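>
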Amino acid sequence: MRTQVAIVGGGPAGLLLSQLLNQAGIDSIVLERRARAYVEGRIRAGVLEPLTVAMLDRAGVGARMHREGLPHDGFNIAVDGMLIRIDLKGLAGSRVMVYGQTELTRDLNEAIVGRDGNLLFETDVVDIGGTDAKPYVICRRGDEKLRIDCDFVAGCDGYHGISRSCIPSGVLRIYERTYPFGWLGILADVPPCSDELIYSNHERGFALASMRSHTRSRYYIQCATDEDIAAWPDERVWDELAIRLGEQAASHMARGPALEKSIAPLRSFVAEPMQYGRLFLAGDAAHIVPPTGAKGLNLAASDVYFLSRALIAYYENPNHGELERYSATALARVWNAARFSWYLTGLTHRFPGSTPMEFRLQRAELDYIRCSEAGRRAIAENYLGLPFRPPTTT
Ligand code: APR
Ligand code: PHB
Numbered sequence: 176m177r178t179q180v181a182i183v184g185g186g187p188a189g190l191l192l193s194q195l196l197n198q199a200g201i202d203s204i205v206l207e208r209r210a211r212a213y214v215e216g217r218i219r220a221g222v223l224e225p226l227t228v229a230m231l232d233r234a235g236v237g238a239r240m241h242r243e244g245l246p247h248d249g250f251n252i253a254v255d256g257m258l259i260r261i262d263l264k265g266l267a268g269s270r271v272m273v274y275g276q277t278e279l280t281r282d283l284n285e286a287i288v289g290r291d292g293n294l295l296f297e298t299d300v301v302d303i304g305g306t307d308a309k310p311y312v313i314c315r316r317g318d319e320k321l322r323i324d325c326d327f328v329a330g331c332d333g334y335h336g337i338s339r340s341c342i343p344s345g346v347l348r349i350y351e352r353t354y355p356f357g358w359l360g361i362l363a364d365v366p367p368c369s370d371e372l373i374y375s376n377h378e379r380g381f382a383l384a385s386m387r388s389h390t391r392s393r394y395y396i397q398c399a400t401d402e403d404i405a406a407w408p409d410e411r412v413w414d415e416l417a418i419r420l421g422e423q424a425a426s427h428m429a430r431g432p433a434l435e436k437s438i439a440p441l442r443s444f445v446a447e448p449m450q451y452g453r454l455f456l457a458g459d460a461a462h463i464v465p466p467t468g469a470k471g472l473n474l475a476a477s478d479v480y481f482l483s484r485a486l487i488a489y490y491e492n493p494n495h496g497e498l499e500r501y502s503a504t505a506l507a508r509v510w511n512a513a514r515f516s517w518y519l520t521g522l523t524h525r526f527p528g529s530t531p532m533e534f535r536l537q538r539a540e541l542d543y544i545r546c547s548e549a550g551r552r553a554i555a556e557n558y559l560g561l562p563f564r565p566p567t568t569t
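Counting in my numbering, the sequence shown runs from 176 upward without gaps.
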């Protein structure tokens, strides 16, 4: 088989890239190791920045998002039950869209499968080679082995994929921080306790009230990294949420059986560079941010924006040069989102073993944000997502 761009991984990054390339007349094949039902069933975050929304519109997959998604003009940070509202619209002029990544993945799958079928599920990429001149990928599909020759490989295969490991260790630099806690998440068919999201800093640990629709809620609580999920029957999770989110939210919190319950670790991770020869990384394959701030999916979208533009420019004029700058351009935005996610995590979580000094400083920061419009504006601007711009240094 032959294609222009072989895309490893059919998560949001790979699917969106395929869609944008197709619109520009560039041929690609998406190779996804899992079955379609598995990919569409994964529960992930659900807050889209305005630039992500605009990209999905431009990619022609935004219709259901506008019908079913919930635009939010603000969100709240709670400190021991007292709310600080971050007025996104008033402070920074825009709004986010609450729409589950699961739904977005379904919309993208639908568009691509309906288009040309260049999306192969249950196809595991086992090798990537020739990235200096004539790239190819080898995949296993049932008992079959496939070889796909291509001009470029897009590594959109997430944190556990194989693409990143194809960059030689002497070239690849890894920056990493693991946090001393995780998030226990619960999804339930109950109305949300609040019209807007609440990120709560409480003495028993962080909690987040989020939603997927007017009838489906998503909640999280900070927990130990080695927490046993069996020790958290639904009632215990609801009881803990009621304490950590504060009286006002608790009084509106409806309880119901968990449709999904899981624990995820928190990590900041950036791999540099995001390209090696004719291999380009995008999304979780190159970086992970802690979910505070909901940047993971939005960063995958901005990588894909830069990569699709650079590939389109290359096919128009191979000497254009934008493709050579992809890593630097994408990383500038990645580091900013990594910084904000790290900052918001530090602001809202309890760190085991933190000193009274650190605790007081965290409180002072929260108090500053409560009192200062400039402080809240900085949070609003970052939460909405920074502009897609080229790096200032080349
Ligand atoms: N061959 C084929 N597919 C693979 C391989 C492989 N060797 N390795 C991994 N994959 C697939 C996974 O099964 C997964 O569906 O790559 C896909 C990667 O998708 P995601 O993990 O969703 O990553 P990405 O598309 O970058 O999306 C980023 O997802 O994890 C969240 O927080 C993250 O919201 C962000 C978004
Ligand atoms: C979610 O709804 O799953 C969600 C929302 C906001 C976050 C993280 C997760 O910051």
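For every residue, glycine included, the Cβ atom is placed at its ideal position computed from N, Cα and C.
Keep in mind that this is a model prediction, so the values were computed, not measured.
Note down the Cα distance separating TRP407 from LEU295, rounded to an integer number of angstroms.
Here residue 407 corresponds to residue number 232 of the sequence shown, with the count starting at 1. Here residue 295 corresponds to residue number 120 of the sequence shown, with the count starting at 1. Answer to the nearest angstrom: the Cα atoms are 38 angstroms apart.
> Report the rounded CA-to-CA distance for VAL180 versus TYR490, giving the unit in angstroms.
Residue mapping note: residue 180 aligns to position 5 of the sequence shown, counting from 1. Residue mapping note: residue 490 aligns to position 315 of the sequence shown, counting from 1. Distance between the alpha carbons of VAL180 and TYR490: 11 angstroms.
> Does any heavy atom of ligand 3 sit closer than 7 angstroms to the C-beta of LEU321?
Summarising the ligand content, the structure contains ligand 1 and ligand 2 and does not contain ligand 3.
> Under a criterion of Cβ closer than 5 angstroms to any non-hydrogen atom of ligand 2, which residues qualify, in chain order?
ALA220, GLY221, VAL222, SER385, ARG393, PRO466, ALA469
> Taking three-plus beta-carbon pairs below 8 angstroms as touching, is the region 224-237 in contact with the region 203-212?
no
> Does ligand 1 have a heavy atom nearer than 7 angstroms to the CB of ASP332?
On the sequence shown, residue 332 is found 157 positions in, with the first residue counted as 1. It does: the Cβ of ASP332 is within 7 angstroms (strictly closer) of some heavy atom of ligand 1.
> Alpha carbon to alpha carbon, how far is ILE361 from ILE342?
Here residue 361 corresponds to residue number 186 of the sequence shown, with the count starting at 1. Here residue 342 corresponds to residue number 167 of the sequence shown, with the count starting at 1. If you take the alpha carbons of ILE361 and ILE342, they lie about 37 angstroms apart.
> Around the Cβ of GLY333, are there at least 16 other Cβ atoms within 10 angstroms (buried) or fewer (exposed)?
Sequence index remark: in the sequence shown, residue 333 carries index 158 (1-based). When all chains shown are included, GLY333 counts as buried.
> Counting only the same chain and skipping the five closest in sequence on each side, list residues whose C-beta sits under 6 angstroms from that of GLY560.
Here residue 560 is taken as the residue at index 385 of the sequence shown, counted from 1. Cβ within range, chain order: GLU224, LEU226, ASN473.
> From ARG508 to GLY221, what distance separates their C-alpha atoms?
Sequence index remark: in the sequence shown, residue 508 carries index 333 (1-based). Sequence index remark: in the sequence shown, residue 221 carries index 46 (1-based). Taking the straight line from one Cα to the other gives about 20 angstroms.
> Identify the residues that DSSP records as bridge partners of PHE250: which are they?
Here the question's residue 250 lines up with position 75 in the sequence shown. Residue pairing from DSSP places PHE250 in a beta bridge opposite ILE261.
> Return the residue from the list GLY471, ALA433, PRO432 that minimises the CA-CA distance to VAL445.
Working through the sequence shown from its first residue, we reach residue 445 at position 270. The shortest Cα separation from VAL445 among GLY471, ALA433, PRO432 belongs to GLY471.
> If the criterion is Cβ atoms closer than 8 angstroms, does the pair PRO432 and THR280 meet it?
Taking the sequence shown and counting its residues from 1, the one referred to as residue 432 is at position 257. Taking the sequence shown and counting its residues from 1, the one referred to as residue 280 is at position 105. No, they are not a contact pair.
> Is the region 493-512 in contact with the region 539-548, if contact means three or more CB pairs nearer than 8 angstroms?
no
> Mapping the DSSP letters down to three states, classify THR227 as helix, strand or coil.
Position 52 of the sequence shown, counted from the first residue, corresponds to residue 227. Three-state result, THR227: helix.
> Between which two residues does the beta strand (DSSP E) holding CYS398 run?
Counting from 1 along the sequence shown, the entry for residue 398 is found at position 223. Run containing CYS398: 392-398, per the beta strand (DSSP E) assignment.
> So for ALA555, helix, strand or coil by DSSP?
Here residue 555 refers to the residue found at position 380 when the sequence shown is read from its first residue. ALA555: helix per DSSP, three-state reduction.
> Classify LEU561 as helix, strand or coil using the three-state DSSP reduction.
Here residue 561 refers to the residue found at position 386 when the sequence shown is read from its first residue. Of the three classes helix, strand and coil, the one that applies to LEU561 here is coil, per DSSP.
> Tell me whether the beta-carbon of ILE303 lies closer than 8 angstroms to the beta-carbon of LEU454.
The residue labelled residue 303 in the question sits at position 128 within the sequence shown. The residue labelled residue 454 in the question sits at position 279 within the sequence shown. Closer than 8 angstroms, so yes.
> How many Å lie between ALA475 and SER529 at the Cα?
As a working mapping, residue 475 is identified with position 300 in the sequence shown. As a working mapping, residue 529 is identified with position 354 in the sequence shown. Rounded to the nearest angstrom, the two C-alpha atoms are 32 angstroms apart.
> With a cut-off of 8 angstroms, do at least 3 Cβ pairs link the region 365-377 to the region 251-259?
yes
> Could you check whether the Cβ of THR390 sits closer than 8 angstroms to any Cβ belonging to chain C?
This model lacks chain C altogether, as it is built from one protein chain only.
> Leaving out five residues before and five after PRO310 in sequence, what residues of the same chain have Cβ atoms less than 8 angstroms from its Cβ?
On the sequence shown, position 135 is the one that residue 310 refers to. Closer than 8 angstroms at Cβ, skipping near neighbours: ALA181, ILE303, GLY304, ASP324, CYS325, ASP326, PHE327, VAL328, GLY452, ARG453, LEU454.
> Is it buried or exposed, TYR558, if we count other Cβ atoms within 10 angstroms and call 16 or more buried?
As a working note, residue 558 is residue 383 in the sequence shown. So TYR558 counts as buried.
> Do ASP364 and LEU434 have their beta-carbon atoms positioned less than 8 angstroms apart in this structure?
To locate residue 434, count along the sequence shown from 1; it is residue 259. To locate residue 364, count along the sequence shown from 1; it is residue 189. Contact: yes.
> Taking 7 angstroms as the cut-off, is the beta-carbon of GLY185 closer than that to any non-hydrogen atom of ligand 1?
Mapped onto the sequence shown, residue 185 falls at position 10. For ligand 1, at least one heavy atom lies less than 7 angstroms from the Cβ of GLY185.
> Just the Cα atoms here: how many angstroms apart are ARG270 and ALA469?
Indexing the sequence shown from 1 puts residue 270 at position 95. Indexing the sequence shown from 1 puts residue 469 at position 294. C-alpha separation (whole angstroms): 14 angstroms.
> Look up PHE455 in the DSSP assignment and say whether it is helix, strand or coil.
If you number the sequence shown from 1, residue 455 lands on position 280. Looking at PHE455 - three-state DSSP - the assignment turns out to be strand.
> Could you give the distance in angstroms between the alpha-carbon of GLU351 and the alpha-carbon of PHE481?
If you number the sequence shown from 1, residue 351 lands on position 176. If you number the sequence shown from 1, residue 481 lands on position 306. Roughly 24 angstroms separates the two Cα atoms.
> Where does GLU499 sit, in a helix, a strand or coil, going by DSSP?
Translated into the one-based positions of the sequence shown, residue 499 becomes position 324. The answer is coil: DSSP assigns GLU499 none of H, G, I, E or B.
> Rounded to a whole number of angstroms, what is the C-alpha to C-alpha distance between SER483 and GLN450?
Locating residue 483 in the sequence shown gives position 308, counting from the first residue. Locating residue 450 in the sequence shown gives position 275, counting from the first residue. Their backbone Cα atoms lie some 14 angstroms apart in a straight line.
> How many Å lie between VAL288 and GLN194 at the Cα?
Counting from 1 along the sequence shown, the entry for residue 288 is found at position 113. Counting from 1 along the sequence shown, the entry for residue 194 is found at position 19. Rounded to whole angstroms, VAL288 to GLN194 spans 11 angstroms at the Cα level.
> Looking only at its own chain, which residues have a Cβ that is under 7 angstroms from the Cβ of ASP299, when we skip the five neighbours before and after it?
Taking the sequence shown and counting its residues from 1, one reaches residue 299 at position 124. Result list for ASP299: ARG208, CYS314, ARG315, in chain order.
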